[in-house]
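Protein chains in written order, with full-length UniProt numbering: chain Y, 1 to 452; chain D, 1 to 452; chain F, 1 to 452; chain H, 1 to 452. C-beta atoms are modelled at their ideal positions from N, C-alpha and C, and glycine is treated no differently.
4 protein chains.
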Amino acid sequence: MSNIDLVVKGGKIATSHGIIEGNLYVSSGRVVAIGRLDVPAAEVVDADGLFVLPGFIDSHVHFMDPGDLSREDFPTGSAAAAAAGVTTVIEHSHVYQIHTAEQLVEKAEYLANRSVVDFGLAAHFSPHSVDDVVNVWAAGATFIKVFTCTTHGVQAVETARLAEAMKRLAGRDAVYLVHGEDESLTEHAERVLKARSQADGGVIPQWRSLLAEQVAVASVGMVSRALGGRVVFAHCSHPSVVEIISTLRNWGAKVWAETCPQYLYLFEDEVRQFGAFRKFTPPARAQSEADLGAMWQLLRDGQIAYVASDHAPSTREQKESASIWEAPFGLPGIDTTSALLLDAALTGRISILRFVELYSREPARIYGLYPRKGALLPGSDADFVLVDPSARRVIRDETILSKAKWSPFSGKEVQGAVVATYLRGKKVAENREVLAPPGSGRFLPGPGARGG
Amino acid sequence: MSNIDLVVKGGKIATSHGIIEGNLYVSSGRVVAIGRLDVPAAEVVDADGLFVLPGFIDSHVHFMDPGDLSREDFPTGSAAAAAAGVTTVIEHSHVYQIHTAEQLVEKAEYLANRSVVDFGLAAHFSPHSVDDVVNVWAAGATFIKVFTCTTHGVQAVETARLAEAMKRLAGRDAVYLVHGEDESLTEHAERVLKARSQADGGVIPQWRSLLAEQVAVASVGMVSRALGGRVVFAHCSHPSVVEIISTLRNWGAKVWAETCPQYLYLFEDEVRQFGAFRKFTPPARAQSEADLGAMWQLLRDGQIAYVASDHAPSTREQKESASIWEAPFGLPGIDTTSALLLDAALTGRISILRFVELYSREPARIYGLYPRKGALLPGSDADFVLVDPSARRVIRDETILSKAKWSPFSGKEVQGAVVATYLRGKKVAENREVLAPPGSGRFLPGPGARGG
Amino acid sequence: MSNIDLVVKGGKIATSHGIIEGNLYVSSGRVVAIGRLDVPAAEVVDADGLFVLPGFIDSHVHFMDPGDLSREDFPTGSAAAAAAGVTTVIEHSHVYQIHTAEQLVEKAEYLANRSVVDFGLAAHFSPHSVDDVVNVWAAGATFIKVFTCTTHGVQAVETARLAEAMKRLAGRDAVYLVHGEDESLTEHAERVLKARSQADGGVIPQWRSLLAEQVAVASVGMVSRALGGRVVFAHCSHPSVVEIISTLRNWGAKVWAETCPQYLYLFEDEVRQFGAFRKFTPPARAQSEADLGAMWQLLRDGQIAYVASDHAPSTREQKESASIWEAPFGLPGIDTTSALLLDAALTGRISILRFVELYSREPARIYGLYPRKGALLPGSDADFVLVDPSARRVIRDETILSKAKWSPFSGKEVQGAVVATYLRGKKVAENREVLAPPGSGRFLPGPGARGG
Amino acid sequence: MSNIDLVVKGGKIATSHGIIEGNLYVSSGRVVAIGRLDVPAAEVVDADGLFVLPGFIDSHVHFMDPGDLSREDFPTGSAAAAAAGVTTVIEHSHVYQIHTAEQLVEKAEYLANRSVVDFGLAAHFSPHSVDDVVNVWAAGATFIKVFTCTTHGVQAVETARLAEAMKRLAGRDAVYLVHGEDESLTEHAERVLKARSQADGGVIPQWRSLLAEQVAVASVGMVSRALGGRVVFAHCSHPSVVEIISTLRNWGAKVWAETCPQYLYLFEDEVRQFGAFRKFTPPARAQSEADLGAMWQLLRDGQIAYVASDHAPSTREQKESASIWEAPFGLPGIDTTSALLLDAALTGRISILRFVELYSREPARIYGLYPRKGALLPGSDADFVLVDPSARRVIRDETILSKAKWSPFSGKEVQGAVVATYLRGKKVAENREVLAPPGSGRFLPGPGARGG
Ligand SMILES: [Zn+2]
Ligand SMILES: [Zn+2]
Ligand SMILES: [Zn+2]
Ligand SMILES: [Zn+2]
Ligand SMILES: [Zn+2]
Ligand SMILES: [Zn+2]
Ligand SMILES: [Zn+2]
Ligand SMILES: [Zn+2]
């Protein structure tokens with residue numbers, strides 16, 4: 001038994017059982033108990049009137065470090081995470097790709113002193129060798145990123161190579177995060193649009209069609225169904241994509257749907273209007289509030305498994321300095337995803353327990369971190385967030401800690417605020433001020449490195 | 001904060017999150033914490049190698065008290081419950097029916113010193129007045145028992161009267177436990193069989209047909225769907241009945257399926273062979289292991305919500321002393337249900353977590369007792385059971401504590417044993433010996449009495 | 001080979017294959033050929049620009065003869081049928097019920113000289129004896145009418161008696177037409193409404209609720225599923241009822257949904273407004289055009305099997321002369337059903353081929369008349385209708401040939417007109433004038449009399 | 001009206017209505033009437049005891065002419081067709097592909113004197129230009145053949161090119177026959193197997209996997225669903241492929257499943273055993289009679305739309321003269337498909353009416369030939385087959401008229417025999433002897449050439 005370093009008193013602890021009104025006891029960075037006990041503690045935090053939530057987990061971020069530090073780096077990205085209540089990120093960058101076990105180890109070492117929050121690292125599917133894929137999983141990659149199309153400078157993975165990897169990694173519970181857009185359709189559309197010299201925001205939805213997403217998801221889903229590989233479909237943009245995934249699951253495939261705030265809040269019209277500032281792919285496809293409502297329904301009823309930000313920031317200058325074709329893809333999101341989802345939870349679109357599932361428990365489960373992360377049970381890491389449900393704040397560019405310094409959600413007023421973020425028992429942020437230095441966060445090897 | 005009366009150390013605490021290896025801290029009869037803390041406790045229980053499970057809940061028992069004490073009474077029935085790890089029962093007896101709020105209060109008072117374990121009391125749907133139904137719910141009945149057929153001396157409830165009650169109780173979350181067999185079909189079959197002077201065990205399946213059950217369930221299900229009343233269908237005997245209930249739920253009805261060990265273990269052939277000793281209704285319908293397997297599959301995948309014993313005992317003499325027509329319906333079950341289900345959990349038919357859901361958490365949720373009962377969270381009642389997964393024992397008539405003194409499962413060897421049962425922090429049974437006197441158990445008013 | 005009595009030239013013959021442009025050759029009252037042949041014919045009919053459709057079949061009419069000739073009789077009702085293109089009716093009257101084989105034979109003999117068109121006769125489920133039911137089927141009843149509620153002076157059939165009949169008639173393909181409204185719910189609602197002295201049109205929808213219909217259909221459907229009896233649910237009033245029937249069919253029950261124009265065109269509001277003039281049961285339930293649209297969709301996609309008029313006329317005086325409680329149930333419909341459905345077919349709501357299925361082929365198939373009736377194939381009876389698709393007419397009370405002399409559809413302008421009706425090769429009506437005397441129509445014994 | 005050239009008397013004419021016992025009257029090569037009329041005819045055929053069926057339609061044959069006349073040519077292939085009751089074939093050969101309108105016209109002219117039966121011609125999707133595809137459809141190709149993989153020397157069609165064609169041909173009801181196997185998976189498997197120097201029959205199922213078929217069908221299905229193009233999936237080899245197609249259809253795609261006798265009768269084990277003599281792709285996948293039974297069930301219930309032979313013959317010498325890798329793909333089938341399916345119809349596996357749908361009506365409908373072909377209605381071409389249901393014969397290599405001179409079904413005894421085949425009123429074959437010379441058959445331009 002251990003001495004208590006910290007006790008959080010009087011908050012509402014959200015677990016999958018429901019809300020427990022009690023204290024959280026922390027020792028050596030772990031939750032050692034929840035309940036009401038009279039034990040001396042080195043430090044007492046008063047959480048009266050606050051929610052005590054498991055630290056948020058954003059499993060899809062690009063911090064560009066190493067790679068392109070003009071867009072983001074780990075110190076800035078992970079600081080933004082901490083301020084937003086995110087205590088674990090899973091990171092991968094297309095600018096500097098990890099294909100081999102050696103590269104993974106090297107990147108983890110390089111980042112040893114660069115992250116404010118805990119982090120896992122994903123690998124890209126190696127263009128060179130399926131052996132690389134097998135090895136990088138065994139070395140601790142959290143997931144293997146697969147592109148079905150050549151995008152962001154990442155080479156498309158052919159069906160046969162993905163199938164080969166699934167066969168080679170059978171029985172080892174490897175997870176693939178699939179960016180699904182059909183190469184043939186997107187490449188052809190690009191050629192046609194460029195031949196017409198079209199260069200406004202309107203090229204985006206034509207270039208990156210819903211059909212391309214449907215074809216890729218259906219194809220990869222068949223491979224998963226036949227070979228048993230666990231597949232998360234990244235950034236599902238439309239209800240019909242989620243429906244395909246649900247059908248595959250009914251047929252026995254181990255598949256999940258990820259979505260992002262951009263598919264829950266933004267409209268296709270904005271893409272046309274704001275061009276590069278809404279350039280991300282797959283693009284926002286909603287024509288109406290009803291379209292967005294259909295996505296929220298899928299989020300509520302469990303057909304969408306979790307939410308991530310797909311944080312892929314660029315500065316205003318970077319977004320503006322090139323044609324619609326050359327402008328970087330992606331949105332900043334790590335600063336705002338929790339704010340948007342908490343607002344939804346506190347205004348009734350989802351429950352607070354569903355919030356915890358979507359942005360903490362479910363990514364923890366799927367990526368092998370649960371119950372160390374994603375829960376507040378005895379034995380869990382003492383990663384937790386104090387949320388004031390009564391606060392209101394407005395998202396503003398000035399408060400964005402990412403190097404992007406802007407957000408597509410600026411101006412939106414949200415209910416609820418992250419008051420403090422604790423990582424393994426240490427307060428790392430308070431009222432959007434980051435208290436902990438880079439290096440506070442640790443590398444979390446994936447399940448393959450733990451015999452998973 | 002309170003002093004710790006009891007700490008259970010070193011067990012595997014089963015929660016819906018999974019298994020937590022930690023301690024359980026009890027004060028004033030409640031769980032005050034789970035985890036590992038160094039706090040002084042008046043008493044320490046070593047649970048090394050044991051499961052620590054939430055106290056079992058048997059929501060469908062008949063203790064015949066008041067009514068017919070020759071068959072059972074609360075002291076014997078609740079002692080058998082305690083020995084089996086059941087810390088809460090929901091009781092109702094057809095012999096002495098509760099129709100009014102006054103009767104409910106009176107029965108609760110009468111039982112104040114007669115139960116070893118905590119108990120809720122159900123009411124029968126009043127043959128006199130829907131006002132009675134409304135009032136008895138408000139007075140704290142756990143559920144309203146509805147018969148669609150005139151059985152066990154209970155009058156059938158017509159569709160219109162059930163509908164009227166649902167309208168009157170709308171918005172008050174009343175729960176109806178429905179014994180569904182179509183009156184017309186069972187009454188007619190009885191007439192035909194008696195006209196033939198048929199009097200062997202074979203009359204049972206013809207008298208109480210699957211069709212009668214299907215018709216009643218479909219009819220009541222339609223009423224529930226239209227009027228929003230919450231309905232549990234008692235003792236579902238066949239997969240097709242569960243399928244009807246699932247379809248109703250997909251159509252928006254708030255309906256659940258209950259089943260009992262007799263539909264998971266017994267065969268129709270036994271009914272023919274053993275006559276009165278297998279007379280219960282609806283009867284066992286399984287023709288083969290595959291039929292039983294289909295029920296287990298529904299149990300695993302959640303289409304069956306929970307299990308109860310439907311304990312309705314008679315002594316050997318009572319079973320033998322009358323014709324097949326006059327012999328009492330029912331089986332003793334409170335002694336054996338947990339043993340059978342734990343065996344299934346420890347030999348892989350269901351998981352230990354699914355066991356906890358089926359015989360503790362789900363009845364607690366459906367009947368408004370959760371999370372005070374059905375969980376081991378800070379704030380829950382300290383009702384828990386220590387289970388030794390490595391023990392083996394044989395069910396024998398001599399070990400039956402119910403007045404029945406026999407069991408249809410006698411001779412069956414089971415994996416696992418209930419080592420000790422705690423009710424609100426007090427040990428009430430140990431190694432099948434009951435330690436607590438009648439009166440240890442308290443009445444649990446239903447949600448209608450708590451503004452539910 | 002036979003001499004040709006009649007050839008119909010140049011029309012569009014609608015078959016389930018599609019439209020054939022060719023001639024129809026008739027000899028001795030039968031179609032002997034379709035095509036284009038140069039054969040001498042005693043008579044030539046020019047059908048240029050017209051559809052040649054199989055004679056319409058209205059399988060649910062009440063001509064009150066014998067019974068209450070003040071409301072309708074066979075000469076008037078069958079004349080109205082002939083004028084509307086209906087060459088076969090299946091008749092039954094609640095006023096004078098047929099329970100036994102003897103009664104059926106007697107009624108058929110009585111009607112030998114009273115019908116302009118061919119007719120089958122249904123029997124009522126006997127309140128006296130299931131033997132009667134077996135015998136009346138064997139004597140040639142087209143279907144057995146079953147009421148689940150005591151309505152129109154017809155006694156409700158208990159589930160057990162229906163089940164017994166299905167067992168007794170197993171393998172003999174008997175068909176039951178079920179008027180499904182739960183007795184308990186309707187009887188209770190009546191008592192409550194009368195106790196309030198409510199007496200406006202608004203009592204109808206409360207008295208005859210959708211729930212009552214759902215409960216009855218679900219119950220009888222279960223019986224059909226278990227025992228294999230073929231059941232048509234009469235006058236389905238709402239999409240949810242049809243959905244229950246479709247689910248039962250997916251589960252293996254041999255069940256069909258019938259509907260009537262009143263559920264495709266009339267609104268619940270009219271019932272409140274017009275009282276007795278919209279008193280029929282189940283009542284019109286549509287709240288909006290969208291509700292009606294849902295019924296049309298079910299009609300198009302085959303979930304509703306066919307349409308009948310449920311012709312049950314009363315004169316204006318009869319409707320007006322009593323309270324809402326005492327006024328007779330029912331609408332006149334035999335004059336107008338074909339006009340309304342042809343209008344739908346010619347304005348695109350359904351196809352002309354679907355019209356033929358709904359009001360000719362499908363009732364012929366279900367009731368064992370096909371392909372003698374319901375088709376225009378060599379060997380079929382030469383019952384056919386010439387329809388002018390370009391004509392327009394207005395439905396008016398003055399043109400109603402039924403004794404009712406009014407229609408709920410008066411004032412509606414419709415596309416298409418029945419130009420001539422032929423029964424077994426003889427023209428029986430032309431331009432709404434009836435040419436043939438009563439006695440032209442023959443009795444069609446049901447399949448039970450033909451060893452079916 | 002015309003003089004009657006031919007009357008077929010006394011047979012059972014199978015239509016989708018059922019069996020009509022009557023005569024078939026033919027004038028100038030067309031059916032002019034069915035029925036019983038006393039008209040003089042130049043010729044009378046006695047069909048007493050025989051079925052009179054619409055001429056069979058084999059919509060997937062390869063006659064290799066022009067191309068590789070050592071394997072087959074139109075005179076031999078179409079003679080074999082005529083002997084088997086096939087009066088219409090849709091032909092395309094990979095050896096000599098049709099990509100342009102000019103090539104189509106030229107091939108049709110070349111074949112003017114080479115076919116015994118009527119024929120449509122399919123085109124291959126042009127590797128050069130989508131304009132070609134549009135033009136060849138307009139010129140009268142029956143369908144556009146699409147390969148998703150590079151097989152038989154045909155280049156794979158990328159998703160984007162297929163999508164472009166569907167957009168360009170939108171509203172013109174073009175039909176695509178898709179050979180669906182994923183290029184990436186088959187190409188990769190081939191490389192791996194060759195690297196291992198594997199060269200027995202066992203390479204076939206590994207090379208041409210079920211997964212490859214599933215991936216291709218799902219991908220193309222998504223394109224069809226999004227863009228509305230009508231797609232027939234050729235030679236579906238497995239129930240799971242048909243299930244994907246049914247799901248796509250439920251989602252609104254206009255898609256159909258074709259299968260062939262090899263997927264209804266042959267086992268995967270034979271492929272291993274007989275090597276090149278069972279080399280066709282997708283290969284036979286059945287492991288057991290139950291697997292074949294599942295395909296027959298899909299055939300019966302309509303999920304498989306029709307059957308074709310996929311006749312792609314080679315002589316024994318051609319099959320034997322090369323390695324398993326180099327041996328030609330394909331089986332002879334035009335001689336035997338009708339015999340196998342008629343046997344199934346006469347021994348109860350399917351009904352005789354379902355036979356007519358599968359091998360005549362449905363391909364006629366899908367490919368725009370109905371009701372000129374695929375029916376025996378007035379106006380239809382007088383293509384018909386007399387079948388003796390009581391005959392029995394044994395399929396033998398010696399009776400194969402195709403140049404292949406062997407059959408995988410040799411030795412099988414079948415019920416039923418084609419007694420005579422008539423094409424547009426002329427007898428072209430009798431008792432497996434071909435009476436008509438090449439040139440008797442006419443070219444049938446596709447619907448695109450008729451403004452379809
Ligand atoms: Zn991506
Ligand atoms: Zn990304
Ligand atoms: Zn019961
Ligand atoms: Zn009971
Ligand atoms: Zn009725
Ligand atoms: Zn009626
Ligand atoms: Zn092919
Ligand atoms: Zn082919």
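Does DSSP put residue i in a helix, a strand or coil?
i: isoleucine 13 of chain H; result: strand
i: arginine 354 of chain D; result: helix
i: valine 39 of chain H; result: coil
i: asparagine 23 of chain D; result: strand
i: glycine 452 of chain H; result: Legend: pLDDT at glycine 452 of chain H = 48, less than 50; position of this residue unreliable, no value from coordinates given.
i: lysine 167 of chain F; result: helix
i: isoleucine 34 of chain F; result: strand
i: alanine 286 of chain F; result: strand
Within the 8 Å Cβ cut-off, does residue i reach chain F?
i: threonine 259 of chain D; result: no
i: alanine 123 of chain H; result: no
Using a Cβ-Cβ cut-off of 8 Å, state whether residue i counts as contacting chain H.
i: arginine 365 of chain F; result: no
i: glycine 171 of chain F; result: no
Would residue i pass as an interface residue toward chain D - the criterion being a Cβ-Cβ separation below 8 Å?
i: valine 39 of chain Y; result: yes
i: leucine 298 of chain F; result: no
Per DSSP, residue i forms a beta bridge with which residues?
i: tryptophan 406 of chain F; result: The partner list for tryptophan 406 of chain F (beta bridge, DSSP) is empty, contrary to what the question assumes.
i: alanine 308 of chain D; result: Answer is none; alanine 308 of chain D lacks a bridge partner.
Hey, is residue i's beta-carbon within less than 8 Å of any beta-carbon in chain Y?
i: valine 241 of chain H; result: no
- Task: Give, in chain order, every unbroken run of the alpha helix (DSSP H) that is at least 4 residues long and sits entirely within the stretch 171-220 of chain F.
- Result: Fully enclosed alpha helix (DSSP H) runs of 4 or longer: 183-195 and 203-207.
- Item | Contained beta strand (DSSP E) runs [length at least 3] in the stretch 66-142 of chain H, N- to C-terminal order | As far as the stretch 66-142 of chain H is concerned, its whole beta strand (DSSP E) runs of at least 3 residues are 86-91 and 118-121.
- Item | chain H contacts from the stretch 343-375 of chain F (Cβ-Cβ distance under 8 Å) | Within the stretch 343-375 of chain F, the qualifying residues are Pro371 and Ala375.
- Taking only beta carbons into account, state which residues of the stretch 377-389 of chain F come closer than 8 Å to chain H, listed in chain order. So the close ones are Leu377, Pro378 and Gly379.
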